[in-house]
Each structure stands twice: as C-alpha cells, then as structure tokens.
Amino acid sequence: MKIRNVILLVVILLCSASFSEAAEDKYQFKSKEQEQTFRELTLELRCPKCQNQNIADSDAVVAKDLRDKVLTLIHEGNTKQEVIDYMIDRYGYFVHYQPPVTPATIILWVLPVVIVILGFGFIVFRQKKAAKKQLWSAEDEKMLEKLIQQYQRKERHS
Amino acid sequence: MNRKILGFLPFLIFVFLCVFLYQGLFGNPRELQTGRLGQAMPSFNLPDLMSDQKRWTEKDLLGDVYLMNVWGTWCPTCIAELGYLTRLREQGVKIVGLYYEQAYDPDFGDHFDIHALREEVQMMLSRAGNPYQFNILDLERTLALDLGVSGAPETFLVNKQGTILLHHTGDINQRVWRNKFLPVLEELRSEN
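These protein sequence lines are chains A and B, in that order.
The numbering of the first sequence is this note's numbering, which starts it at 1 and goes up by one.
The numbering of the second sequence is this note's numbering, which starts it at 159 and goes up by one.
Structure representation (structure tokens):
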C-alpha cells in the first residue's frame, strides 16, 4: 500500500516537472540573466483584466500581450526597471504589484510606523505612571508605622 | 478628560473602518485609468478594417474631438452599446472604432479570415446600428497595448490636438455619458 503511494507521488512529480519545462520552452532567451529577469517581471506585473493574478498566471488576452511585450523588451536589452516603467506608462501604477511612494500612498509606509511608535509610547507612559505610584517616601513609612502601632494597640485592648 | 478621549478612540477607529470598508463595497476595481491620460495619442500606422489599401495614422485624427471605441464582434457588451453609440453619432459625436481582434492570435483562435470578419462586422453593424466613421484594425493589438487597453469595450475621448482626456472601461450608456463624458465635452466647447 505504502509503495503504491510512493510510486503515485513520483509519477505526479514527474508529470508536473515535464509540464513546467514545456511552459519554459515557449520562450527563448539569450542568457540566464534575461530568463531570470523575465520570470521576475511576469511575477511582479499584474494582469489588468484578471486583477489579483500576475501576468505569468493569467490566461487573459492582455496578459499574453504583456508577456510577449516583456519578452521583446528584454530581448532589446532593456533593464528590469525600464520594462516596469514602460508598462506603468501605459497601464498606470496598477500594473505593478509594488506601489510607488506618492502623497496618496505615503500612509501605507507611515501608518505602521506610527502605530508601533504609539504602542511603545503607551507602554512607556503606563510604566512611568506605575513607577510613580510605587514611590515610597519616609513620610509614608512613618504613617505606616503609626497605623501598625494603632492597630496593635487596638488588638491588645480587645 | 484625557481618559474620556481615550475611551472614544476604539469607537472612532471603528467608524473610520466602517466608512473605509463601505466605500470598498461599491468601488469598481475594473474602472482602470490608462497611464496615457493627458498625453498625446500614441503614434500608429494601421489598416482600415474594411479595406486593405487604406491605412490610418494618429495624424489623420488630428483636428477633431472624437471617441475611440475599442470593440469586437466577440464581445457581447460591445454589441449592446452599439445602439447608444449610434444615437451619439446622430447627435454629431465623431466615433472611431479600434477593432480588437483575438482570433488572429494562434493562442486564442484556430483560424483567421479577414473576409469572414468583414462580413460579420457588416452584418452586426447593419443590425445593431453603425456608430463608426471608420474602424481601425489592430490585429496585433499594438495600439491597444500602447493605450493601456485591458479588454473591450473601452472608450477614449481625444481632443483636437490629439490629447487623451478620458478613458472609460466598460460600456457607455446614458448615465456614463451624462456623468463622465458630457462635462468634459462641455468644457471643451466653452474653450472654443
């Protein structure tokens, strides 16, 4: 039973390996770096039609067009950033999964930091307050002694 | 006093989140804007859909305010908006079609026949109304990519100088026309 499971697993793994190889064969590259750039870009660029999919993952017509364009641009010797800029020129910031820092999006970076700082501030504030309460002066000591003596006296009398 | 404000803080955060999420419910994520807004129409040199000899470039379109409507007979929403667009044409709006073809691509179609396509387009336009002055055939979807088109139907409003003023994703109907296109058109008219 166990051996059969293992064989099944191996077969599945082999099949998936051959599938991914078939997908890679479709695109020809001059160098390993170009292939790497292409793979990174198709994962980072977002399909404008099937939103929430990158262009490597999507079967939409526009995703295929964008993949082909990325390939052409890489073959022409463009850098990764140049390809990204080319796409943003046409499809807007939406097309890239990394949003740019603009006045409208700055809150995405600032808000987490502000929350962390506020949280720490709150903790420090509370600790200081608690420390203040624990201050024990000589007067407090005298008062305590007095109270104890009073109480002891009361106990003796009763 | 301080304590009272602190006590209200969770409530304020709650209200803020409610407003934020409520807006998200009714926002349309497909309403995308091209990166080309405010820029010139990209240069192109493409054939006419109906004739092999005729070619169009972006310079042929200068001097008129016009709509460029991206469409295809394979797209039901495009067919549905033909009627309304035809009424706009009758009101004097110049509409140019950018024909977005899929079947030409071996990944999406088995065969492509330009004559069959012309017949189909002619039949469709005679039935549903023909809003187009002419149609530009973008077989490789190069102009579509340069314009930031993600599908069909999409419509661009371009002024006399060839600057892209508006980009609309989805069909054009009376509501969209009144709210989105008319204000910009009226502004253009008052400038002249």
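Every residue, glycine too, gets a C-beta built ideally from N, C-alpha and C.
Cβ neighbours of residue i in the same chain (closer than 7 angstroms, five flanking residues each side left out)
i, result
"A/Y27", "F38 and L71"
"B/F339", "L315 and L324"
"A/E21", "Low local confidence applies: a pLDDT of 46 at A/E21 is under 50, so the model's placement there is unreliable, with the coordinate-based value given in what follows. Hits under 7 angstroms: none found."
Proximal residues of chain B, C-beta to C-beta of residue i below 7 angstroms
i, result
"A/F94", "L190"
"A/Q51", "P187"
"A/K69", "L303"
Proximal residues of chain A, C-beta to C-beta of residue i below 9 angstroms
i, result
"B/L299", "According to the sequence shown, residue 299 of chain B is Arg rather than Leu. Those are V61, V62 and D65, listed as they occur along chain A."
"B/G182", "Those do not exist, as B/G182 stays about 14 angstroms from chain A at its closest Cβ, beyond 9 angstroms."
Chain-order list of residues whose beta-carbon lies under 6 angstroms from that of residue i (same chain, five-residue window excluded)
i, result
"B/C233", "A310"
"A/Q98", "none"
"B/I294", "L204, W214 and L256"
Contacts that residue i makes with chain A (C-beta to C-beta distance below 7 angstroms)
i, result
"B/G309", "K49 and V62"
"B/Q249", "Here the premise fails: no neighbours, minimum Cβ distance about 31 angstroms."
"B/D265", "K64"
"B/R194", "R90"
Close Cβ partners of residue i (< 8 angstroms) along its chain, the five nearest in sequence each way excluded
i, result
"B/G230", "C236, Y257, Y258, E259, Q260 and A310"
"B/F266", "Q260"
"A/E82", "L73"
Residue i - partner residues in DSSP beta bridges
i, result
"A/T72", "A/T72 is not bridged to any residue."
"B/V228", "B/L256 and B/E312"
"B/A302", "In the DSSP output, where bridge partners are listed per residue, B/A302 has none listed."
Proximal residues of chain C, C-beta to C-beta of residue i below 8 angstroms
i, result
"B/Q260", "The structure shown contains no chain C; its protein chains are A and B."
>> Count Cβ pairs between the segment 310-323 of chain B and the segment 221-231 of chain B that sit closer than 8 angstroms; are there 3 or more?
In response: The segment 310-323 of chain B, when compared against the segment 221-231 of chain B, does touch it at the 8 angstroms Cβ threshold.
> Counting pairs of beta carbons, one from the segment 304-315 of chain B and one from the segment 43-62 of chain A, are three or more of them closer than 8 angstroms?
Replying inline: yes
>> So, does the segment 241-253 of chain B touch the segment 322-337 of chain B, judging by three or more C-beta pairs under 8 angstroms?
In response: yes
>> Check whether the segment 277-287 of chain B and the segment 67-87 of chain A are in contact - that is, three or more C-beta pairs closer than 8 angstroms.
In response: no
> According to a CB-to-CB cut-off of less than 7 angstroms, which residues of the segment 71-92 of chain A neighbour chain B?
Replying inline: I88, D89, R90, Y91 and G92
>> With three or more C-beta pairs closer than 8 angstroms as the rule, is the segment 290-304 of chain B touching the segment 173-187 of chain B?
In response: Three or more beta-carbon pairs separated by less than 8 angstroms are not found between the segment 173-187 of chain B and the segment 290-304 of chain B, which leaves the two stretches without contact.
> Does the segment 185-202 of chain B come within contact of the segment 269-280 of chain B, defined as at least 3 CB pairs closer than 8 angstroms?
Replying inline: No, they do not touch.
> Relative to chain A, which residues along the segment 229-257 of chain B have a C-beta separation below 7 angstroms, given in chain order?
Replying inline: none
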